[in-house]
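First the structure, in the form of structure tokens, and then the observations on it.
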Amino acid sequence: MRLDKYLANMKVGSRKEVHKLLKEKRVLVDGQVVLSAKMQLAENANVQVDGKDISYQQYHYFLINKPQGVISATNDPKQKTVLSLLKEEDQYRNLAPVGRLDKDTTGFLLITNNGDLAHQLLSPKKHVEKVYEATVAGMVTAQTIKNFAQGIEMRNGTKFKPGKLELIDQDAEKGTSNVRITISEGKYHQIKRMFLSQSMEVLRLHRLAMGDFWLDESLDFGQYREVSEDEIKEHFGY
Numbered sequence: 001m002r003l004d005k006y007l008a009n010m011k012v013g014s015r016k017e018v019h020k021l022l023k024e025k026r027v028l029v030d031g032q033v034v035l036s037a038k039m040q041l042a043e044n045a046n047v048q049v050d051g052k053d054i055s056y057q058q059y060h061y062f063l064i065n066k067p068q069g070v071i072s073a074t075n076d077p078k079q080k081t082v083l084s085l086l087k088e089e090d091q092y093r094n095l096a097p098v099g100r101l102d103k104d105t106t107g108f109l110l111i112t113n114n115g116d117l118a119h120q121l122l123s124p125k126k127h128v129e130k131v132y133e134a135t136v137a138g139m140v141t142a143q144t145i146k147n148f149a150q151g152i153e154m155r156n157g158t159k160f161k162p163g164k165l166e167l168i169d170q171d172a173e174k175g176t177s178n179v180r181i182t183i184s185e186g187k188y189h190q191i192k193r194m195f196l197s198q199s200m201e202v203l204r205l206h207r208l209a210m211g212d213f214w215l216d217e218s219l220d221f222g223q224y225r226e227v228s229e230d231e232i233k234e235h236f237g238y
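Sequential numbering from 1 applies to the sequence shown in full-length UniProt numbering.
Okay, here's the thing in structure tokens:
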């Protein structure tokens, strides 16, 4: 990899700023001052800027507690995206959300530039479970729970695989139920449509986990933290 690309990817600065650092003799490779931006780096090269080691990290991971009102996309000319919530120093190239949460859905969302990981987590063959909490208009019954466990078929023929529905509590006066749902698919508006098949409307939907990776309780809506490679391997095995 070219030296200027390496430094730009590691957010040392823009290509223009990197060229300035080189010209000012502030960049060392294996202890030697380097002036050429075109220098091809060896795989184990030691790169320093102003005496600070710049270690290369190919992939970056962020866990965000998605708030309402932002869309799960990389960019949009009219609407705010989840990537816009990242600080400038965390705006690495090719970052994208792993899957999508509806604009009004909150909670666990992983952002990464590791496309292979995203593919693995979203592949229907992998059956990665997603856990949600929801408030629905309607009184969930034992029959509702049984229907979810058996799988649901919509009137238009769309089929949803069995999901685990757990009742947390109910408000008889308001006619609402708080529930936890675990599914292994990720079809468009899936949970909303599953409840719609039971004549219930989802009023609030919040994702808690993906696999056994749970959202940090310390993260408020819109907040995020970096996730290490070790955490990714621990939770997803990749």
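Even for Gly, the Cβ is constructed at its ideal location relative to N, Cα and C. Nothing here was measured: the structure is a model prediction, and the numbers come from that model.
- Rounded to whole angstroms, the separation of the alpha carbons of Leu110 and Arg93 is 15 Å.
- Beta bridge pairing from DSSP links Gln40 with Arg2.
- Restricted to the region 119-192, the beta strand (DSSP E) segments that are unbroken, complete and at least 3 residues in length are 130-137, 164-171 and 176-183, listed in chain order.
- Contact between the region 39-51 and the region 94-102 is absent: fewer than three C-beta pairs spanning the two stretches fall below 8 Å.
- A distance below 6 Å between beta-carbons, with the five flanking residues on each side excluded, links Phe148 to the following residues of its chain, in chain order: Gly163 and Leu165.
- Taking one beta carbon from each stretch, the region 197-216 and the region 127-137 have 3 or more pairs nearer than 8 Å; the two touch.
- In the DSSP annotation of this structure, Phe221 is not part of any alpha helix (DSSP H), being labelled neither H nor E.
- In this structure Met194 is buried. Its beta-carbon is surrounded by 16 or more other beta-carbon atoms within 10 angstroms.
- Counting along the chain, the unbroken alpha helix (DSSP H) around His19 starts and ends at Arg15 to Lys23.
- Using a C-beta cut-off of 8 Å, the region 183-192 makes no contact with the region 16-31, since fewer than three inter-stretch Cβ pairs fall below that distance.
- About 15 Å separates the Cβ atoms of Tyr238 and Leu63, ruling out a contact at the 8 Å cut-off.
- For Lys233, the enclosing alpha helix (DSSP H) starts and ends at Glu229 to Phe236.
- From the listed residues Val227, Met154, Asn9 and Phe108, the smallest Cα separation to Glu217 is found for Phe108.
- Taking the C-beta atoms as reference points, Thr112 is found no nearer than 8 Å to Tyr56.
- Non-local beta-carbon contacts of Glu153 in its own chain, meaning distances under 6 Å to residues more than five positions away in sequence, involve Lys159 in chain order.
- When the alpha-carbon of Ala37 is set against those of Leu28, Leu121 and Tyr61, the nearest one is in Leu28.
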